[in-house]
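Using our numbering, the first residue of the sequence shown is number 170, and each one after it goes up by one.
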Amino acid sequence: MNATHTPRIFSGIQPSGGLTLGNYLGALKRFAEYQDSGLETIYCLVDLHALTVWQDPAALIEQTREAAAAFMAAGVDPARSILFNQSQVPAHAELSWLLSCVARVGWMDRMTQFKDKGGKDRERVSLALYAYPALMAADILVYHATAVPVGEDQKQHLELTRDIAAKFNHDYGVDFFPITNPLIEGAATRVMSLRDGSKKMSKSDPSDASRINLTDDADTIAQKIRKARTDADPLPGSMEGLKDRPEARNLVNIYAALSGEGTDQVLARFEGQGFGAFKPALAEVAVAVLAPITSRMTELKSDPAEIDRILGDGAERAEAIARPIVERTKEIMGMIRSRG
Ligand code: TYM
170 MNATHTPRIF SGIQPSGGLT LGNYLGALKR FAEYQDSGLE TIYCLVDLHA
220 LTVWQDPAAL IEQTREAAAA FMAAGVDPAR SILFNQSQVP AHAELSWLLS
270 CVARVGWMDR MTQFKDKGGK DRERVSLALY AYPALMAADI LVYHATAVPV
320 GEDQKQHLEL TRDIAAKFNH DYGVDFFPIT NPLIEGAATR VMSLRDGSKK
370 MSKSDPSDAS RINLTDDADT IAQKIRKART DADPLPGSME GLKDRPEARN
420 LVNIYAALSG EGTDQVLARF EGQGFGAFKP ALAEVAVAVL APITSRMTEL
470 KSDPAEIDRI LGDGAERAEA IARPIVERTK EIMGMIRSRG
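In structure tokens form, the structure reads like this:
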């Protein structure tokens, strides 16, 4: 079905707090790499998604600029990619409503991320937190994006996006929306918390020691890695030996993703050694990769007007693609389009 659609990459990140090493390895780093794929790349700071939980308005503006700086510092080039914040392109919210009319409540009920985030407080969270995956589907489909690079935790939302596209096409007898492919690749599709190998590294974890922030300085990074939870056994020669050692496996995956080596290569080098040797080596690789990104972010953040200009320019380019698609969707669904 995708044969009729021009290949196009879209992805987004919530500016709901500082970005982490998980966001970098699972998403940002790969966003930059896809710029060399020859495909059009569209990257979005999804500020409307961030609003699903209360955000201090002044802080949200700062976080959005900081996230934009992180994208660029990680290699996303606004001349080669479209980089913008979601709320400046109204077509996202418009298509979200239209797709909410296609998505089924039963599908939303199965979303594990809502169950995790809503938890026992389900009755008191915002309606938008529940409807959120329909907005995410709209983000993707409003560009007819065919591929979406994300971390493992977004897989279910992308399956939902496919279901929504297929149901729309079926219900209206069209081949209009592409069936998007998730791109979940590499050693770090699920970076885990440094304090608990069963939880993903997250910007919303109350413990700052659980994550490496893209704003952390070299000493903080080294200290967090030194204190990361591990076990007392030496490293084995292959990943198979780390099956039941989630914390150790996580650190090896992080090392491999940062250094660009395979996990087996990393283990071949450290086989038989304990974390006393491995952790300082990991800290060194982490600082070598992250320090230039952090310092570039600081430079970029010192000119907020330039960041805003870049986001505005990106939004105009995004709008030019999204507007005709949302208009055509309305036509397909039977809405009169008679404005001059
Ligand atoms: P968000 O903001 O939670 O995360 C942004 C991206 O970072 C990835 N990621 C991770 N990858 C590996 N290990 C981790 N610990 C880790 N934590 C986060 C996420 O998988 C994601 O790729 N709903 C999305 C944002 C979104 C979106 C979209 C994404 C809105 N619309 C359309 C793609 C396409 C989210 O909350 O991601």
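Where is the CB? At the ideal position from N, CA and C, for every residue including glycine.
**OP:** Tell whether a beta-carbon distance below 8 angstroms holds between tyrosine 312 and methionine 502.
**Re:** Position 143 of the sequence shown, counted from the first residue, corresponds to residue 312. Position 333 of the sequence shown, counted from the first residue, corresponds to residue 502. No, the Cβ-Cβ distance between tyrosine 312 and methionine 502 is not below 8 angstroms.
**OP:** Could you pull the start and end residues of the alpha helix (DSSP H) that valine 274 belongs to?
**Re:** Here the question's residue 274 lines up with position 105 in the sequence shown. It spans 274-278 - the alpha helix (DSSP H) in which valine 274 sits, taken as one unbroken run.
Original post:
Would threonine 498 pass as a contact of leucine 264 if the rule is Cβ separation under 8 angstroms?
Top reply: Counting from 1 along the sequence shown, the entry for residue 498 is found at position 329. Counting from 1 along the sequence shown, the entry for residue 264 is found at position 95. Their beta carbons are under 8 angstroms apart, which means threonine 498 touches leucine 264 by this criterion.
Subject >> Three-way DSSP call (helix, strand, coil) for alanine 391 in this model >> reply: For this step, residue 391 is matched to residue 222 along the sequence shown. Helix.
Original post:
What three-state label does DSSP hand glycine 181 in the structure shown?
Top reply: Locating residue 181 in the sequence shown gives position 12, where the first residue counts as 1. If DSSP states are grouped into helix, strand and coil, glycine 181 belongs with the strands.
**OP:** Report yes or no: do three or more beta-carbon pairs, one from the stretch 184-204 and one from the stretch 380-398, lie closer than 8 angstroms?
**Re:** yes
Subject >> alpha helix (DSSP H) runs contained entirely in the stretch 297-380, provided each spans 4 or more residues >> reply: 324-341
Subject >> Residue range of the unbroken alpha helix (DSSP H) whose run includes tyrosine 193 >> reply: Mapped onto the sequence shown, residue 193 falls at position 24. Counting along the chain, tyrosine 193 falls outside any alpha helix (DSSP H), and DSSP gives it neither H nor E.
Original post:
Quick one: what's glutamine 210 bridged to in DSSP?
Top reply: Here residue 210 refers to the residue found at position 41 of the sequence shown. As written in the sequence, residue 210 is threonine, which differs from the glutamine given in the question. Its beta-bridge partners are Ile178.
Original post:
Taking the alpha-carbon positions, what's the proline 176 to valine 317 distance?
Top reply: Residue numbering aside, residue 176 sits at position 7 when the sequence shown is read from its first letter. Residue numbering aside, residue 317 sits at position 148 when the sequence shown is read from its first letter. Approximately 11 angstroms between the Cα atoms of the pair.
Original post:
In terms of residues, what are the limits of the alpha helix (DSSP H) holding isoleucine 479?
Top reply: On the sequence shown, position 310 is the one that residue 479 refers to. First-last of the alpha helix (DSSP H) with isoleucine 479: 473-502.
**OP:** Give a yes or no on whether the minimum CB-CB distance between glycine 503 and chain D is below 8 angstroms.
**Re:** The displayed structure is made up of one protein chain only, and chain D is not part of it.
Original post:
Touching or not, the stretch 208-218 and the stretch 245-258, by the rule of three or more beta carbon pairs under 8 angstroms?
Top reply: yes
Subject >> Distance, leucine 436 Cα to aspartate 290 Cα >> reply: Here residue 290 corresponds to residue number 121 of the sequence shown, with the count starting at 1. Here residue 436 corresponds to residue number 267 of the sequence shown, with the count starting at 1. If I take the Cα positions, the gap works out to 43 angstroms.
**OP:** List the residues that DSSP assigns as beta-bridge partners of isoleucine 516.
**Re:** No statement about residue 516 is possible, as the shown extent of the chain runs from 170 to 509 and does not include it.
Subject >> Beta bridge counterpart(s) of asparagine 160 as assigned by DSSP >> reply: For residue 160 there is no data in the structure shown, the boundaries of the chain being 170 and 509.
Subject >> Segment limits, alpha helix (DSSP H) that includes glycine 288 >> reply: Within the sequence shown, residue 288 is the residue found at index 119, counting from 1. That residue, glycine 288, is in no alpha helix (DSSP H); it is neither H nor E in DSSP.
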